[in-house]
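Undergrad: Sharing a structure, written as structure tokens. Questions coming.
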Amino acid sequence: MSEGPPDPAALELLRSRSGLSIDPEGRFLHRGEPITHARTLEALWRSLSRTPDGRYEVAIGRERAYVQVDEAPYAVRGATEDPRGGPPLLHLSDGTAEPLDPATLSVGADGVLRCAVKGGAHRARFTRAGHVSLGLMLREDPPGSGGYALFVNGARWPVTVL
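Everything in the sequence shown is counted per the working numbering, starting at 8 for the first residue and increasing by one.
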């Protein structure tokens, strides 16, 4: 007896029940447990993409699985000054580094910094370490206002308050 093509509804159900998620600290989890195997993590981060309906998925070979992302798929784990004087370099949870787009930097009511990454296509949430490293470049502006701005080499970028 030959089998026909897989049932699309069954495949969709399997993809949605993968147990994969990304937590606010930018860690890949499987059923709530951190994935720690370096090559597995590299494959997962390299294949992470957003579907047309806004969900995130990983694709390895012909296999696809949805990834539960509660807030942001990427986390900023650190920030360092750009030696050329540009915006700080963000060190992301996927192991890459890229310049901060200061126009996208915001702080939520929860006090957590966020920004856009990957050419503005995705959101990133700052971890505690990311906050500390970027915090060295932030100042209350104007003093006593409760507002903040990023200052780098004489340039000033206000932090949007959400």
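Virtual Cβ for every residue (Gly too), placed ideally from N, Cα, C. Nothing here was measured: the structure is a model prediction, and the numbers come from that model.
Where does Arg-46 land, buried or exposed, given buried means 16+ other C-beta within 10 angstroms?
TA: Here residue 46 is taken as the residue at index 39 of the sequence shown, counted from 1. The residue is exposed, with fewer than 16 neighbouring Cβ atoms inside 10 Å.
Undergrad: Do Ala-79 and Glu-32 have their C-beta atoms within less than 8 Å of each other?
TA: Counting from one through the sequence shown, the residue named residue 79 turns up at place 72. Counting from one through the sequence shown, the residue named residue 32 turns up at place 25. No, the pair does not count as a contact, with Cβ atoms beyond the cut-off.
Undergrad: Taking only the alpha-carbon atoms, compute the straight-line gap between Val-139 and Gly-85 and give it to the nearest angstrom.
TA: Here the question's residue 139 lines up with position 132 in the sequence shown. Here the question's residue 85 lines up with position 78 in the sequence shown. Rounded to the nearest angstrom, the two C-alpha atoms are 8 Å apart.
Undergrad: Just confirm the distance between the C-beta atoms of Leu-55 and Val-74, as a whole number of angstroms; I'd bet it's less than 8 Å.
TA: If you number the sequence shown from 1, residue 55 lands on position 48. If you number the sequence shown from 1, residue 74 lands on position 67. The pair is a contact, with the Cβ atoms about 7 Å apart (cut-off 8 Å).
Undergrad: Let me know if Val-158 comes out buried or exposed under the rule of 16 or more other beta-carbons within 10 Å of its beta-carbon.
TA: Counting from 1 along the sequence shown, the entry for residue 158 is found at position 151. Looking at the sequence itself, residue 158 is Phe, so the reference to Val does not match. That one is exposed.
Undergrad: Under the rule that 16 or more other beta-carbon atoms within 10 Å means buried, what is Leu-20, buried or exposed?
TA: Here residue 20 is taken as the residue at index 13 of the sequence shown, counted from 1. Leu-20 should be labelled exposed.
Undergrad: Reducing DSSP to helix, strand and coil, say where Arg-138 ends up.
TA: Along the sequence shown, read from residue 1 onward, the residue named residue 138 stands at position 131. According to the sequence provided, residue 138 is His. The question's Arg does not apply to it. Reduced to three states, the DSSP call for His-138 is helix.
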